[in-house]
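When you line the sequence shown up against numbering that gives the first Met the number 0, it's residues 0 to 146, in that order.
A short worksheet on the structure shown next.
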Amino acid sequence: MKISLRPIAPTDAALLAALHKQGFHEAWDERAFATLMATPGMFGAIAGTDQPQGFILCRKAADEAEVLTLFVPEAFRRHGIATALIDRVAAEAALDKVAALYLEVADDNDAARALYAKCGFTEVGRRPRYYQAKVDALMLRRDLAAT
Ligand SMILES: CC(C)(COP(=O)(O)OP(=O)(O)OC[C@H]1O[C@@H](n2cnc3c(N)ncnc32)[C@H](O)[C@@H]1OP(=O)(O)O)[C@@H](O)C(=O)NCCC(=O)NCCS
C-alpha cells in the first residue's frame with residue numbers, strides 16, 4: 000500500500016479532532032488542537048490524500064521531542080501507516096538536532112506497545128496506576144542518533 004504523508008498545519012485542527020474522537024474516550028476537540036498547534040515546537044504528519052488515514056502530533060523542547068498523540072482509523076490499520084508516521088517525525092526531529100523521541104503508552108495497549116517496540120522504542124520509566132488509577136503508564140524512548 001502506498002502511503003502519502005504531509006506535514007500537519009494549524010488549519011488541520013478540525014480534521015484532527017474528528018479523527019481523535021474515533022480513537023480516544025477523552026477526545027481532544029478542535030479548540031484543543033488549535034491551541035496545541037499554536038504552541039512552539041509542535042510538528043507532526045498526516046497520512047492520506049482524499050481520505051485521512053492517520054496522524055501523529057509531536058512537540059519539540061530543546062534536544063528532545065515527545066509524541067503527544069498517534070491515531071490510525073481501524074479501516075487502515077496493519078498497513079504500516081503508524082510506522083510511516085513515526086519514521087517521518089523521527090527523521091524530521093533528527094534533522095532538527097533532536098537526540099531522542101519520547102512517548103507514553105498504557106501498559107494494556109498491546110497494539111501500540113507492539114508498534115513502538117518494532118519502531119525501536121524501549122522502556123525508560125513506569126507510572127503505576129496512571130490511567131483511571133488502574134493501568135500503568137510506560138515511558139518509552141527512541142534514540143535518534145542513528146536516524
Ligand atoms: C496503535 C496504532 C496507531 C497502530 O497503527 P497501524 O497503522 O495499524 O500500525 P502499523 O501497521 O504501522 O503496525 C506496525 C507493527 O505494529 C504491531 N502492531 C500494530 N497493531 C497491532 C495489533 N493490533 N496487534 C499486535 N501488533 C500490532 C505489529 O508488529 C505491526 O507490524 P505487522 O503488521 O507487520 O505485524 C493503531 O492501532 C491505533 O490508532 N490505535 C488506537 C490509538 C492508539 O492506541 N494510539 C497510540 C496511543 S499511545
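All C-beta atoms in this analysis are idealised placements derived from N, C-alpha and C, irrespective of residue type, glycine included.
Exercise for the section: Tell me where the beta strand (DSSP E) around Val-66 begins and ends. Expected result: Within the sequence shown, numbered from 1, the residue matching residue 66 stands at position 67. Residues 63–70.
Handout entry: Minimum C-alpha distance to Leu-67 - residue among Phe-23, Thr-48, Ala-93 and Ile-2
Key = Taking the sequence shown and counting its residues from 1, the one referred to as residue 67 is at position 68. Selected option, being the one with the closest Cα: Phe-23.
Practice task
Have a look at the DSSP bridge pairing and note the partners of Val-134.
Solution key: Working through the sequence shown from its first residue, we reach residue 134 at position 135. Partner(s): Tyr-130.
Practice task
Could you check the C-alpha separation between Arg-87 and Pro-51 for me, to the nearest Å?
Solution key: For this step, residue 87 is matched to residue 88 along the sequence shown. For this step, residue 51 is matched to residue 52 along the sequence shown. About 16 Å.
Practice task
Pair every Cβ in the stretch 55–65 with every Cβ in the stretch 95–110, then say whether three or more of these pairs are closer than 8 Å.
Solution key: yes
Handout entry: Near ligand 1: Ile-45 beta-carbon under 7 Å from a heavy atom
Key = Against the sequence shown, residue 45 aligns to sequence position 46. No - ligand 1 has no heavy atom lying nearer than 7 Å to the Cβ of Ile-45.
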